[in-house]
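Residue numbers for the sequence shown, in the working numbering: 210 to 784. Built from N, CA and C at the ideal position, the CB exists for glycine as well.
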Amino acid sequence: MAKKKSKKKNTNKSLVDLGLGPDSDDNVEEKCVEFHEMGLDDRVLKDIAKLGWAKPTLIQEQAIPLVLEGKDVMARARTGSGKTAAFVVPLIQKILLRKLTSDEQYVSTLVLTPSRELCTQVYSNIKDLSSSCSREVKCADVSGQVNITAQRSILMEKPDIVVGTPGRILQHLQSNNLDLKESLEMLVIDEADLVFSFGYESDVKAILEYLPKIYQSILMSATLSEEVVELKKLVLHNPVILKLEDSDLADSGQLSQYHVKCAQDDKFLLIFSLLKLKLIRGKTIIFVNTIDRCIRLKLFLEQFQIRSCVLNSELPVNSRCHIVNQFNSGLYDIIIASDESILLDKKHNVADGESNKQLKKKIKKKSKEYGVSRGIDFQNVSNVVNFDFPLSLKAYIHRVGRTARGDQLGTSLSFVGENELGVFNEIESTLQSGDNASPLKPYKFRMSEIEGFRYRAQDALRAVTKVAVKEARLKEIKSEILNSKKLKTYFDDNPRDLKLLRHDKALHSAKVHAELSSVPDYLVPKALKGNTSFTRKRVNPDANSTQIESKAVKIKRKKEENPLKSFKFKRSSQT
Ligand code: AMP
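Set out below in structure tokens:
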């Protein structure tokens with residue numbers, strides 16, 4: 210292994226901090242092996258550089274050299290830790306090495322993941338990391354919806370890497386579209402714990418029958434459940450086991466977690482003020498506990514011409530994927546997501562007439578969806594806001610883990626209503642290790658500073674009636690189904706038009722008061738006065754958000770000092 214050298218952790222990233230910035234030290238001394246010390250091909254290094262990755266994450270630093278040495282590896286790594294590249298980089302490197310001495314084309318690598326979305330994600334990682342050597346490294350994702358005959362011709366070309374769900378791969382093996390008996394050198398099972406919860410256990414076992422006796426295996430899993438340990442016995446031989454992080458969340462140097470205790474009704478006032486005052490900046494996911502709240506918050510923010518799109522399990526899968534892709538490509542700044550409590554709260558009551566059987570089915574379906582979203586990579590998320598406090602530790606980790614991914618910094622802010630104090634205290638004490646201070650720091654924000662916004666918030670909230678929410682919910686589903694199904698064929702033929710399809714359009718089922726959208730100077734807290742961006746001109750709500758700010762204005766705004774730095778508080782009067 211390359212010699213370790215000491216270097217400083219790079220914390221000089223686009224810090225979008227909600228309050229006082231992380232309390233952690235900026236100059237953490239740590240040891241790290243650089244990518245260029247791993248003996249990687251120049252083309253791979255070039256592609257890594259293109260992605261802007263300055264150094265490997267912990268899992269990459271540990272796993273890449275081991276896989277290159279030919280070891281079987283089992284790694285427990287949280288999502289967001291950079292685990293995909295931890296196996297993709299050495300896979301590509303190994304293929305390139307082999308191709309130096311042999312031109313023979315065969316399927317040497319099989320990657321199994323539990324869902325189509327995850328297959329697509331792994332496939333695009335492979336494409337990104339092999340863009341400079343795409344002629345040498347061929348890859349196919351066979352997870353798509355098309356029937357298996359249509360995929361036969363792709364497999365006939367014997368791509369070096371085949372990515373698919375266990376179900377689909379087994380079908381191909383059984384139909385002789387894929388023959389791995391002689392050729393397979395490497396097997397990867399990603400998100401292994403989900404492979405089981407998705408019911409692919411027997412498929413994986415059946416696939417093993419089609420594999421040669423000797424091959425290298427890698428198993429990645431967020432948890433080391435009994436089933437994963439069982440699978441380990443089946444596919445790994447003398448593996449190195451990497452249990453890298455004790456915590457499921459990034460450390461405090463990377464992830465700043467804040468909370469603010471407030472009255473339930475003040476949550477709307479708070480979110481509106483923080484967004485309007487630009488104390489929340491950058492890409493943000495706002496989590497609520499129910500689909501109705503999702504829509505209610507969207508309609509509320511619409512009143513102030515703050516655009517957002519909603520993401521919940523009611524929307525068709527195609528729409529959901531499209532929303533996440535567009536969010537990742539920077540089209541939207543705000544997603545309001547509901548991870549409905551039933552997903553994670555097994556104590557869900559059956560008072561509303563559901564039978565146990567129905568409930569079990571619902572929980573299974575929902576937890577499957579929850580599992581899918583766990584692996585999905587929301588990129589460059591600066592902030593996670595828990596508008597409603599999550600109902601369990603698992604949900605808290607799932608939500609907050611959407612930010613501070615890879616080597617990026619992130620911030621979470623949880624609003625804690627009076628009725629949520631119990632679960633907040635429980636989660637806080639679980640996250641607090643030993644005598645250490647709680648990682649959930651109080652967000653030092655005085656509610657009195659935003660008192661002037663209260664009437665506007667109340668006015669806006671009044672307009673968002675139950676009927677408006679119901680109508681909007683129906684409208685949203687209808688339009689997404691239309692987007693998703695009817696237009697699918699059209700968009701298959703016209704992919705450029707798909708880019709124009711937006712999901713953050715105003716629903717307008719509540720009356721919008723245009724005058725509420727601007728922030729007059731008298732409402733801006735003293736500490737933030739002088740920052741002209743709060744009183745910017747009103748804009749057309751249906752205009753593409755990229756048109757709202759001209760490039761020059763955007764650059765100028767970015768250069769402006771972060772208002773938070775000048776936002777001072779008197780110690781005595783925190784809320
Ligand atoms: P994963 O855990 O594989 O889903 O990766 C989470 C995110 O981290 C993805 O958006 C990757 O693009 C990003 N990422 C992976 N490796 C690195 C790295 N070495 N430096 C910075 N970001 C990375």
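In this structure, the C-beta of residue 291 approaches the ligand AMP to less than 7 Å from one of its heavy atoms. Taking the C-beta atoms as reference points, residue 371 is found nearer than 8 Å to residue 316. Within 7 Å of the C-beta of residue 269 there is at least one heavy atom belonging to the ligand AMP. The three-state reading of DSSP puts residue 298 in helix, counting H, G and I together. Straight-line measurement puts the Cα of residue 358 at about 34 Å from the Cα of residue 442. Between the stretch 273-292 and the stretch 422-431 there are three or more C-beta pairs closer than 8 Å, enough to call the two in contact. Non-local beta-carbon contacts of residue 510 in its own chain, meaning distances under 6 Å to residues more than five positions away in sequence, involve 517 in chain order. Counting only runs of at least 3 residues, the stretch 258-283 fully encloses no beta strand (DSSP E) element at all.
In this structure, the alpha-carbon of residue 447 lies about 48 Å from that of residue 489. With respect to the 8 Å criterion, residue 434 and residue 388 are not classified as neighbours on the basis of their beta carbons.
For residue 621, the CB contacts under 8 Å within the same chain, skipping 5 residues up- and downstream, are 464, 465, 466, 467, 592, 593, 594, 595, 608, 609 and 612 in chain order.
Under the 8 Å Cβ criterion, the stretch 314-332 counts as touching the stretch 365-381, having at least three qualifying pairs. Residue 476 sits away from residue 513, with the two beta carbons spaced by 8 Å or more. In this structure, the straight-line span from the alpha carbon of residue 460 to that of residue 614 is close to 11 Å. For residue 641, no alpha helix (DSSP H) segment is defined, and its DSSP state is neither H nor E. When C-alpha distances from residue 540 are compared across 493, 498 and 686, the shortest belongs to 493. Secondary structure of residue 285 (DSSP, three-state): strand. Restricting attention to 642, 648, 645 and 727, the CA atom closest to the CA of residue 666 is found in 727. Around the beta carbon of residue 664, fewer than 16 other beta carbons lie within 10 angstroms, which makes this residue exposed. For residue 338, the enclosing alpha helix (DSSP H) begins and ends at 325-338. Contact check between the stretch 494-503 and the stretch 542-549: three or more CB pairs, one atom from each, fall below 8 Å, which counts as touching.
Of the candidates 399, 334, 411 and 457, the residue whose Cα lies closest to the Cα of residue 641 is 457. Residue environment analysis places residue 730 among the exposed positions, since fewer than 16 neighbouring C-beta atoms fall within 10 angstroms of its C-beta. Counting other Cβ atoms within 10 Å of its Cβ, residue 312 stays below 16 and is therefore classed as exposed. Separation of residue 733 and residue 658 (C-alpha to C-alpha, rounded to the nearest whole angstrom) is 8 Å.
Excluding its 5 nearest sequence neighbours in each direction, residue 329 has no C-beta neighbour in its own chain below 6 Å.
In terms of side-chain proximity, the C-beta atom of residue 294 is found nearer than 7 Å to a non-hydrogen atom of the ligand AMP.
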